[in-house]
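Participant:
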Amino acid sequence: MAKQEIDDRFKKFGTVSFTSISKVNDFIGYLEKGKVMATKCKKCGMTFFPPRADCSGCLSSDMDWIEVTGEGTLLTFSKLQYGPVGFEGDLPYTIALAQFKDVKVFGRMSKELSDADVVVGMKVKALPVQLANGKIAYEFKKA
Amino acid sequence: MARVAIIGVGQSKFVRGYPGSIRELAFEAYREAVQDANITSKNVDASIICSAPEYDKQRSPAGVLAEYLGLTPQPTFYLETVCSSSSTGLKVAYSMVKAGLHDIVCILGFQKMSEITSAESQERMGRGADIQWESPFGTMMPAYYALHARAHMAKYGTTEDDLALIRVKAATYGQINDRAVYQKPVTMEMFKDPENSLAGPVASPLRVGDCCANADGSSCIILASEEKAKAFSKKPVWILGVGAASTAVNMAGRDLFSGLTVAMEAAKTAYKMAGVSPKEIDVAEVHDCFTIAEMMAYENLGFAKPGEGKDLIRAKETYKEGGIPVNVDGGLLSKGHPIGATGGSQLRTIVLQLRGEAGPMQVENPEIGLVHNIGGVGLYGNVTILGRD
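These protein sequence lines are chains F and W, in that order. So for the first sequence, numbering that gives the first Met the number 0 puts the first residue at 0; every next one is plus one. So for the second sequence, numbering that gives the first Met the number 0 puts the first residue at 0; every next one is plus one.
1. Should the segment 177-193 of chain W be regarded as contacting the segment 46-62 of chain F, the criterion being three or more beta carbon pairs within less than 8 Å?
2. So, does the CB of F/T38 fall closer than 8 Å to a CB anywhere in chain W?
3. What whole-angstrom Cβ distance do W/I115 and W/Y17 have, given they're in contact under 8 Å?
4. Taking the alpha-carbon of W/C288 as reference, which of W/A28, W/G342 and W/I280 has the nearest alpha-carbon?
5. Any idea if F/K78 is buried or exposed, counting beta-carbon neighbours within 10 angstroms, 16 or more meaning buried?
6. Taking only beta carbons into account, state which residues of the segment 122-149 of chain W come closer than 7 Å to chain F, listed in chain order.
7. Pick out whichever of W/F13, W/I5 and W/I367 has its Cα sitting closest to the Cα of W/I422.
8. Pull up the distance between the alpha-carbon of W/L164 and that of W/M187, whole angstroms please.
9. Whose C-beta lies closer than 6 Å to the C-beta of F/R8 among residues of the same chain, with five residues either side of it excluded?
10. On the CB-based measure, 16 or more other CB atoms within 10 Å of its CB, does W/V8 come out buried or exposed?
11. Please check if any C-beta of chain W sits within less than 8 Å of the C-beta of F/S77.
12. Check for me: the beta strand (DSSP E) holding F/D63 runs from which residue to which?
13. Could you name the residues of chain W that F/R8 contacts, counting a contact when the two beta carbons are closer than 8 Å?
14. For a contact defined as C-beta to C-beta under 8 Å, what are the partners of F/A136 on chain W?
15. Just verifying my parser: in three-state terms, what is the DSSP assignment at W/Y181?
16. Taking any Cβ of chain F, which residues in the segment 181-209 of chain W have a Cβ under 7 Å from it, in chain order?
17. One question on the structure: do F/V119 and F/V67 come within less than 8 Å of each other, judged by their Cβ atoms?
18. Mind checking who W/L239 pairs with in its DSSP beta bridge?
19. When you compare the CB of F/D116 with every CB in chain W, is at least one pair closer than 8 Å?
20. Output, in sequence order along the chain, the residues in the segment 16-36 of chain F whose CB is closer than 8 Å to any CB in chain W.
21. Quick check for students: name the residue ranges of the beta strand (DSSP E) that lie wholly in the segment 187-247 of chain W, counting only runs of 3 or more.
22. Using only CA atoms, which one of W/G386, W/P135 and W/V261 lies nearest to W/I238?
23. Taking only the alpha-carbon atoms, compute the straight-line gap between W/P204 and W/K229 and give it to the nearest angstrom.
24. Let me confirm a value: W/A65 is counted as buried when at least 16 other C-beta atoms fall within 10 Å, else exposed. Which label applies?
25. Output the boundary residues of the beta strand (DSSP E) element that contains F/K140.
26. Could you please tell me which residues of the segment 242-264 of chain W, in chain order, have their CB closer than 8 Å to any CB of chain F?
27. Taking the alpha helix (DSSP H) that W/H147 falls in, what are its first and last residues?
28. Would you say W/A169 reaches chain F, if we count a Cβ-Cβ gap shorter than 8 Å as a contact?
29. W/C211 to W/L332, Cα distance in whole Å?
30. Quick one: list the residues of chain F neighbouring W/A118, beta-carbon separation under 8 Å, in chain order.
31. Please tell me whether F/V104 and F/A125 are closer than 8 Å, where the distance is taken between their beta carbons.
32. What are the boundary residues of the alpha helix (DSSP H) that W/M295 is part of?
33. Given a cut-off of 8 Å on the beta-carbon distance, is the pair W/G62 and W/G88 in contact?
34. Taking only beta-carbon positions, decide if W/A153 is within less than 8 Å of chain F.
35. Of the choices F/G133, F/E87, F/K41 and F/Y29, whose alpha-carbon is the least far from that of F/L58?
36. State whether the segment 89-96 of chain W contacts the segment 196-203 of chain W, with contact taken as three or more CB pairs (one from each stretch) at a distance under 8 Å.
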């Protein structure tokens, strides 16, 4: 019998990933194709970010992938001077939360932005970013 | 319906690097509470042991501690809601007594944060939130609360100085609480001095002085049915209301960032059950793991309208002599925050206040007190309302 291949793409997510196997591993595949995706329940229409494999509204597991597109509004942010183990090389960095049309997205601000550029209410785009060692994430850039 | 009372309270001194094992640490709070309740271990029908397991080396500590405290063969179990574990323990114990399963239940909260190395602790901090979707960005507890501080500032014009005022208040009382880990004074000038460590940035807009310290400690609360309370205790403190709530662990799943919905939900339940309004609270303990957490608590508990928490602290209304004294034992900011022990310590403070036994921290003649204890970054909310005869 052929050995079953394990889909552990989620281990590539972020500077340090604590998850390797998830039913929404396609999120990583989409990131690699340049897209930040959410899921939408085919049965009741609820939209989820972070993406979910299962709908908490109607308990269906029949989901569509939808792209997080357009401009989002920055809701809040914080610049870290200390980080957990494994993030020392990234410091300092700014985590943030943005409101897009259907979903909120949590992530990091692009390092291209200066502190003065980052203000609550600014317009942002969520875009994939390639990290060291073949890892991948997404970040917010000025829209 | 028969009532349920707190008849005994105990707390170890909160310290950095407790010179003993977890069972010895737990014993300190337990002995004080049992002696306070005027009972022996034989009177205790069941125990609930509360801590955050990621700091424990001992697997399943409940049985180990119960045996050391002399609480075998009675039933015991372990319970966790991170920083609010012992408040959740109180709620579960209340239900057990109310249901008639047991007459006297002990809630023992403990945490020996120094059980693991600093590096191990740093590693665990990275896993304090949603490990699949948020931890890979390098999140930490101060940064999450900083997101709330930034949102509060943007929405209401709250300033870094307003947050510093909360730390100054905490230190005012930390100096007169001999159980606190941080007993030094803190002034506004210290926050303005770039050479001072308290002014150092952690996660903007929060600075070192806005954050509570890790500590080792234990707390113990003894609950009793009305019949047993009257038999053993001269000054039972009655549980008037208990409320609890939960929400999305990840920030993207939430709608409010200038406050904590779990606190609002838990407060609503507790106020309704107790039949009291925020105005009737005479003294409160709130979960000030960060200064912004206390600011939000003022508003989420109804002591101030949303956005007006800053006016409360500017006018010193939450000082001992103010309209609604809050954290007059120094709070987590001064006492330290030994995760599993924190809720029990807050409950102890309010019990001592209602009994008129809070010493130099005593508020004038309080009748109704409130405890607000949050687990995680507003993941679990617990509000308990206590009253005396």
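Using N, Cα and C, we set each Cβ at its ideal position, and we do this for glycine too.
Facilitator: Concretely, from the data shown:
1. no
2. Start at 1 with the first residue of the first sequence, and residue 38 of chain F comes out as number 39. No, its Cβ sits nowhere closer than 8 Å to a Cβ of chain W.
3. Taking the first residue of the second sequence as position 1, residue 115 of chain W is located at position 116. Taking the first residue of the second sequence as position 1, residue 17 of chain W is located at position 18. Rounded, the Cβ-Cβ distance is 13 Å, inconsistent with contact.
4. The residue labelled residue 288 of chain W in the question sits at position 289 within the second sequence. The residue with the shortest Cα to Cα distance from W/C288 is W/G342.
5. As a working mapping, residue 78 of chain F is identified with position 79 in the first sequence. Buried, since its Cβ has 16 or more Cβ neighbours within 10 Å.
6. E122, M124, G125, R126, I130, Q131, W132, E133, S134, P135, F136, G137, T138, M139, A142, A145, L146 and R149
7. Outside the displayed span of chain W (0 to 388) sits residue 422 of chain W, for which this structure offers no information.
8. Numbered from 1 along the second sequence, position 165 holds the residue referred to as residue 164 of chain W. Numbered from 1 along the second sequence, position 188 holds the residue referred to as residue 187 of chain W. In a straight line, the C-alpha of W/L164 is about 7 Å away from that of W/M187.
9. Taking the first sequence and counting its residues from 1, one reaches residue 8 of chain F at position 9. Counting only Cβ-Cβ distances below 6 Å, and skipping sequence neighbours, we find N24 and I27.
10. Counting from one through the second sequence, the residue named residue 8 of chain W turns up at place 9. When all chains shown are included, W/V8 counts as buried.
11. For this step, residue 77 of chain F is matched to residue 78 along the first sequence. Chain W contact via Cβ: present.
12. The residue labelled residue 63 of chain F in the question sits at position 64 within the first sequence. Unbroken beta strand (DSSP E) run through F/D63: M62 to E66.
13. Taking the first residue of the first sequence as 1, we reach residue 8 of chain F at position 9. Going along chain W, no residue has its Cβ under 8 Å from F/R8, so there is no contact; the nearest lies around 13 Å.
14. Here residue 136 of chain F refers to the residue found at position 137 of the first sequence. The contacting residues are P135 and F136.
15. Translated into positions along the second sequence, residue 181 of chain W becomes position 182. Correct three-state label for W/Y181: coil.
16. P200, V201, A202 and S203
17. For the purposes of this step, residue 119 of chain F is identified with residue 120 of the first sequence, where counting begins at 1. For the purposes of this step, residue 67 of chain F is identified with residue 68 of the first sequence, where counting begins at 1. It is not a contact, given that the beta carbons lie outside the stated cut-off.
18. Locating residue 239 of chain W in the second sequence gives position 240, where the first residue counts as 1. The partner list for W/L239 (beta bridge, DSSP) is empty, contrary to what the question assumes.
19. Taking the first residue of the first sequence as 1, we reach residue 116 of chain F at position 117. For F/D116, the answer is no, since every Cβ of chain W falls outside 8 Å of its Cβ.
20. S16, F17, T18 and S21
21. 200-202, 215-224 and 236-245
22. Here residue 238 of chain W is taken as the residue at index 239 of the second sequence, counted from 1. Ranking W/G386, W/P135 and W/V261 by Cα distance to W/I238 puts W/G386 first.
23. On the second sequence, residue 204 of chain W is found 205 positions in, with the first residue counted as 1. On the second sequence, residue 229 of chain W is found 230 positions in, with the first residue counted as 1. Distance between the alpha carbons of W/P204 and W/K229 is about 50 Å.
24. Taking the second sequence and counting its residues from 1, one reaches residue 65 of chain W at position 66. Flag for W/A65 reads buried.
25. Sequence index remark: in the first sequence, residue 140 of chain F carries index 141 (1-based). Counting along the chain, the beta strand (DSSP E) containing F/K140 begins and ends at I135 to K141.
26. N249, M250, A251, G252, R253 and F256
27. To locate residue 147 of chain W, count along the second sequence from 1; it is residue 148. Element bounds for W/H147: M140 to Y155.
28. Taking the first residue of the second sequence as 1, we reach residue 169 of chain W at position 170. It does not; no Cβ of chain F falls within 8 Å.
29. As a working note, residue 211 of chain W is residue 212 in the second sequence. As a working note, residue 332 of chain W is residue 333 in the second sequence. Distance between the alpha carbons of W/C211 and W/L332 is about 4 Å.
30. As a position in the second sequence, residue 118 of chain W is number 119, starting the count at 1. The contacting residues are V84.
31. As a position in the first sequence, residue 104 of chain F is number 105, starting the count at 1. As a position in the first sequence, residue 125 of chain F is number 126, starting the count at 1. Yes.
32. Counted from its first residue, the second sequence places residue 295 of chain W at position 296. W/M295 -> alpha helix (DSSP H) spans T290 to N299.
33. Translated into positions along the second sequence, residue 62 of chain W becomes position 63. Translated into positions along the second sequence, residue 88 of chain W becomes position 89. No.
34. Position 154 of the second sequence holds residue 153 of chain W. Output row for W/A153: interface = yes.
35. Stepping through the first sequence from its first residue, residue 58 of chain F is reached at position 59. The candidate whose alpha carbon is nearest that of F/L58 is F/K41.
36. no
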